[in-house]
Amino acid sequence: MPYSFRNQPFRCIAFFRKWRVRASFLFATMKKCASLAAGLAALRIGALFARADVISAMLRAFTPYPVNSLALTAAEAAVSDERFLRAYAREVLESRSQLVSGLEQLGARVFPSAANFALADFGPGGTRLVKRLARRGILVRDRASEFGRDGFMRITAGTVPQTRRLLQAIKEEW
Numbered sequence: 025m026p027y028s029f030r031n032q033p034f035r036c037i038a039f040f041r042k043w044r045v046r047a048s049f050l051f052a053t054m055k056k057c058a059s060l061a062a063g064l065a066a067l068r069i070g071a072l073f074a075r076a077d078v079i080s081a082m083l084r085a086f087t088p089y090p091v092n093s094l095a096l097t098a099a100e101a102a103v104s105d106e107r108f109l110r111a112y113a114r115e116v117l118e119s120r121s122q123l124v125s126g127l128e129q130l131g132a133r134v135f136p137s138a139a140n141f142a143l144a145d146f147g148p149g150g151t152r153l154v155k156r157l158a159r160r161g162i163l164v165r166d167r168a169s170e171f172g173r174d175g176f177m178r179i180t181a182g183t184v185p186q187t188r189r190l191l192q193a194i195k196e197e198w
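Going left to right, the sequence shown walks through residues 25 to 198 as my numbering numbers them.
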């Protein structure tokens, strides 16, 4: 039976430790645990749990070093510091809540999600907003092409101060 750690980042880390999963076995397959629990989304760190034949097939397709050594070092450091993990996860959950309510207050339609990001529909002008935010050093993902019309963006919940800055910038630019 597959394990799900949705909204339970610490159970994921505990599972890694219980089964002695080391960072050298972490792959870029499932990043849900690492990105929410340790802020490592940009490093593409995650874990693969599967039958041996599935893992064997995937290993044949991987490059010899699918994750660089600096990313592995960061992952090992992050998952070994439980206080950091708990504090970071609390902040991201608070930030996501502020992000969703702030986007809704600004008039964006926000789709339900348990992820550490929000999918929001800003309607016409969304792509222009993405570009304006980028000029201010705030990067969000334009998802207009995936939905067939302007306005959709994927916005990751960062720290609480980052979320406040983002919401203020959207208010000023939209």
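Ideal placement from N, C-alpha and C gives every residue a C-beta, glycine not left out.
Original post:
Which term fits L89, buried or exposed, when burial requires 16 or more other beta carbons within 10 angstroms of its beta carbon?
Top reply: Note on residue identity: the sequence assigns Tyr, not Leu, to residue 89. Its Cβ having fewer than 16 others within 10 Å, Y89 is exposed.
Original post:
If F135 and L143 are in contact, beta carbons under 8 Å, what's the gap, nearest whole angstrom?
Top reply: Their Cβ separation, rounded to whole angstroms, is 5 Å, which keeps F135 and L143 in contact under 8 Å.
Original post:
Going by C-alpha distance, which of L157, T87, D166 is nearest A193?
Top reply: L157
**OP:** Name, in chain order, the residues that DSSP records as bridge partners for T180.
**Re:** F141
Original post:
What residue range is occupied by the uninterrupted alpha helix (DSSP H) comprising F18?
Top reply: Nothing can be reported for residue 18: it is not among the residues displayed for the chain, which extend from 25 to 198.
Original post:
Applying the criterion that 16 or more other CB atoms from any shown protein chain within 10 Å of the CB defines a buried residue, is V78 buried or exposed?
Top reply: Exposed is the call here.
Original post:
Is the beta carbon of T187 sitting closer than 8 Å to the one on S119?
Top reply: yes
Subject >> Counterpart residues of D166 in DSSP-defined beta bridges >> reply: For D166, which the question treats as bridged, DSSP gives the partners M177.
Subject >> Per-residue burial, F86 [other beta carbons within 10 Å of its own, 16 or more giving buried] >> reply: exposed
**OP:** Under 8 Å by Cβ, that's how I've got E197 and L153 pegged, so tell me the actual separation to the nearest angstrom.
**Re:** About 6 Å separates the two Cβ atoms, so the contact holds.
Subject >> Per-residue burial, N92 [other beta carbons within 10 Å of its own, 16 or more giving buried] >> reply: exposed
Original post:
So F146 packs on R178, CB below 8 Å; how close in whole Å?
Top reply: That pair is no contact at about 12 Å.
Original post:
CB G131 to CB G150, shorter than 8 Å?
Top reply: no
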